[in-house]
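Comments concern the structure below.
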Amino acid sequence: FELGKPTTLGAASGAIAGLATITPAAGFVGPHSAIIIGLIAGVVCFFAVSMKSKLGYDDSLDVVGIHGVGGLIGSLLLGVFASKAVNPGGADGLLTGNTAQLVSQVMGVVVVGVYAFVVSWILIKVLHTTMGMRLTEENEVQGMDYSEHSETAYN
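Residue numbers for the sequence shown follow UniProt numbering, beginning at 1 and rising by one.
Structure representation (C-alpha cells):
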C-alpha cells in the first residue's frame with residue numbers, strides 16, 4: 001500500500017516474508033500461532049523494507065527486510081509459541097511457561113548473528129584485497145547485468 005494501492009510485488013513480498021518467518025517455527029507451532037506469526041511478519045517485514053531508504057543500504061530484492069528480518073523474527077517467536085502438543089519431541093515456549101526456550105532462541109540468534117558478521121567481514125576483506133569490491137563508474141552506471149552479461153534483467 002506504499003503507493004496507495006495494493007501491488008502484486010507487495011503481495012508476493014508479503015507471502016515470501018510469511019514463509020521466511022514461519023520456517024524456523026514450522027513443526028513446532030500450531031495453526032493459530034502460525035497465523036499470528038504470519039501477521040507479525042507482514043507488519044515487521046514491511047517496516048524493515050521501508051527502512052532501507054532511510055538507512056541507505058543497497059538491497060534491490062529486499063532480501064534483508066524480507067528474509068533476514070523475517071527469519072530473525074521467526075526464530076525469536078518460536079521461543080514464544082512453541083508447543084509440545086504440536087511436537088512432543090520439542091519444547092514448550094514462553095506462552096506455556098517455558099522462559100528457557102525463549103532465552104535459548106535469543107542466544108541462538110545472537111550467536112548466529114555474530115558468526116555471520118565475523119565470517120562475512122573476513123570474506124569481504126579477502127575479496128577487497130584480492131579483486132576489489134567496487135565497480136568502475138561506467139559499469140555501475142550501466143548496471144551489473146549489462147556490464148557482465150550484455151543484457152538487463154529488471155530495468
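For glycine and all other residues, C-beta sits at the position ideal for the given N, C-alpha and C.
Would you mind reading off the limits of the alpha helix (DSSP H) that contains residue i?
| i | result |
| --- | --- |
| N139 | 137-142 |
| A116 | 99-130 |
| P31 | 31-50 |
| L3 | Here L3 belongs to no alpha helix (DSSP H), and DSSP marks it neither H nor E. |
| S75 | 69-81 |
With DSSP collapsed to three states, give me the class of residue i.
| i | result |
| --- | --- |
| Y146 | helix |
| F28 | coil |
| S53 | helix |
| A11 | helix |
| A20 | helix |
| V86 | coil |
| L61 | coil |
| T96 | helix |
Are the CB atoms of residue i and residue j nearer to each other than 7 Å?
| i | j | result |
| --- | --- | --- |
| I16 | I66 | yes |
| G14 | G42 | yes |
| N87 | G27 | yes |
| A12 | I22 | no |
So residue i packs on residue j, CB below 8 Å; how close in whole Å?
| i | j | result |
| --- | --- | --- |
| Q101 | D92 | 7 Å |
| L95 | F81 | 6 Å |
| L78 | P31 | The pair is not a contact, with the Cβ atoms about 15 Å apart (cut-off 8 Å). |
| S75 | V109 | 5 Å |
| V69 | V29 | 19 Å between Cβ atoms; not a contact. |
| D62 | V49 | 5 Å |
So, for residue i: in the same chain, excluding its five sequence neighbours on each side, which residues have a beta-carbon less than 7 Å away from its beta-carbon?
| i | result |
| --- | --- |
| K84 | G90, A91, D92 |
| N98 | A91, D92 |
| G18 | G38, A41, G42 |
Who are the Cβ neighbours of residue i in its own chain at under 8 Å, not counting the five residues just before and after it?
| i | result |
| --- | --- |
| E138 | S147 |
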